[in-house]
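Report on the structure given below.
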Amino acid sequence: MKYFETKFMEEANEFIAELDPKTIKKIFYNIDLAEQTNDPKLFKKLQNDIWELRTKFGGLQIRLLAFWDKSNNTETLVIATHGFIKKVDKVPANEIDRAERLRDKYFNNKSKN
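See below:
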């Protein structure tokens with residue numbers, strides 16, 4: 007059973023496309039696992055309804071920031087806004103701000119359609 011389905015915004019897709027195939031495979035493996043287990047080691051709330059999809063691979067801390075879209079009652083979506091390689095313990099505030107801007111843009115576009 008899946009708790010949610012993950013969709014990717016353009017910036018998330020661009021980030022993933024720049025990574026090597028083994029890293030990409032690990033990211034999708036972790037996302038698939040997170041969708042089925044809702045494990046906080048893989049998918050964790052940060053702040054202001056921004057969450058992180060977490061992958062540790064090849065000595066890198068890879069993060070995809072995301073938010074929930076529950077506006078459609080039939081399926082719960084998690085929208086990945088963008089990704090980055092985490093170099094410090096705390097997720098930088100500018101990355102959270104970026105995710106919030108992308109979330110706002112997503113819902114604004116959605117309400118127009």
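In case it helps, this note's numbering puts the sequence shown at residues 7 to 119.
Beta carbons: idealized from backbone N, C-alpha and C, even for Gly.
Which residue comes first and which comes last in the alpha helix (DSSP H) that contains residue i?
i, result
"Lys116", "99 to 118"
"Glu11", "Counting along the chain, Glu11 falls outside any alpha helix (DSSP H), though it belongs to the beta strand (DSSP E) covering 11 to 14."
If we ignore side chains and look at the alpha-carbon of each, how far apart do residue i and residue j end up?
i, j, result
"Ala40", "Ser117", "28 Å"
"Ala72", "Thr87", "5 Å"
"Asp110", "Asp75", "11 Å"
Given a threshold of 16 other Cβ atoms within 10 Å of its Cβ, counted over all protein chains shown, does residue i qualify as buried or as exposed?
i, result
"Arg107", "exposed"
"Gly65", "exposed"
"Ile33", "buried"
"Ala18", "buried"
"Glu58", "buried"
Give the secondary structure of residue i by DSSP, where H, G and I count as helix, E and B as strand, and everything else as coil.
i, result
"Lys8", "coil"
"Lys96", "coil"
Output the residue ranges of the beta strand (DSSP E) runs that lie fully inside the stretch 39 to 92 and measure 3 residues or longer, sorted by chain position. Annotation note: the stretch 39 to 92 contains the following uninterrupted beta strand (DSSP E) runs of length 3 or greater, listed N- to C-terminal: 49 to 53, 56 to 63, 66 to 75, 83 to 92.
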